[in-house]
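Participant: Residue numbering for the sequence shown follows this note's numbering, beginning at -17 and increasing consecutively.
In this text, a Cβ means the ideal position worked out from N, Cα and C, and glycines have one as well.
Take a look at the following structure, please.
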Amino acid sequence: MSDENQTGAPHKAGAFDIRNIIGALMGVYGVILALAGLFGDAETEKTGGVNANLWTGIALLVVAGAFLGWARLKPIVVPADVERPDDDPTRPAPSRRRPSH
């Protein structure tokens, strides 16, 4: 039995939603870069007086928040029953290759 039949709520993609994965990955990189910008050597002479690690880390954290918020506000609903593509009579059957001997 599916979760939809037992609880009445549709099943959502949850952690397997690609937006969660991208948001988490960008968040991890953002935290690392922001910490490197705060506690590491800024090397502002190489970047024209800008702490590039800090600003890039902050930008990645903002983008990660946007991805995670998007996934939370508009979750992907997984259908309970999916028809196989072979059941569609209008779809042409795949052509089979002949074995080459």
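Measuring straight from C-alpha to C-alpha, what distance separates I3 and N33?
Facilitator: Rounded to whole angstroms, I3 to N33 spans 27 angstroms at the Cα level.
Participant: Candidates V60, T38, A48 and L42: which alpha carbon is nearest F(-2)'s?
Facilitator: Among V60, T38, A48 and L42, the Cα nearest to that of F(-2) belongs to V60.
Participant: Buried or exposed for G22, going by 16 or more other Cβ atoms inside 10 Å?
Facilitator: So G22 counts as exposed.
Participant: Take G19 and list the residues in its own chain whose beta-carbon comes closer than 6 angstroms to its own, dropping the five residues that flank it on each side.
Facilitator: Hits under 6 angstroms: N33, N35, L36 and G39.
Participant: Quick check on DSSP: helix, strand or coil for V32?
Facilitator: Coil.
Participant: Does DSSP classify A16 as helix, strand or coil?
Facilitator: Three-state result, A16: helix.
Participant: Please name the residue, chosen from T26, E27 and V45, that lies closest to V10 on a Cα-to-Cα basis.
Facilitator: Answer by Cα proximity: V45.
Participant: Identify every residue that forms a DSSP beta bridge with L(-6).
Facilitator: As written in the sequence, residue -6 is Lys, which differs from the Leu given in the question. According to DSSP, which records beta bridges pairwise, K(-6) is partnered with V59.
Participant: When the Cα of A(-5) is compared with those of E25, A62 and L42, which residue comes out closest?
Facilitator: If we check each option's Cα against that of A(-5), A62 comes out closest.
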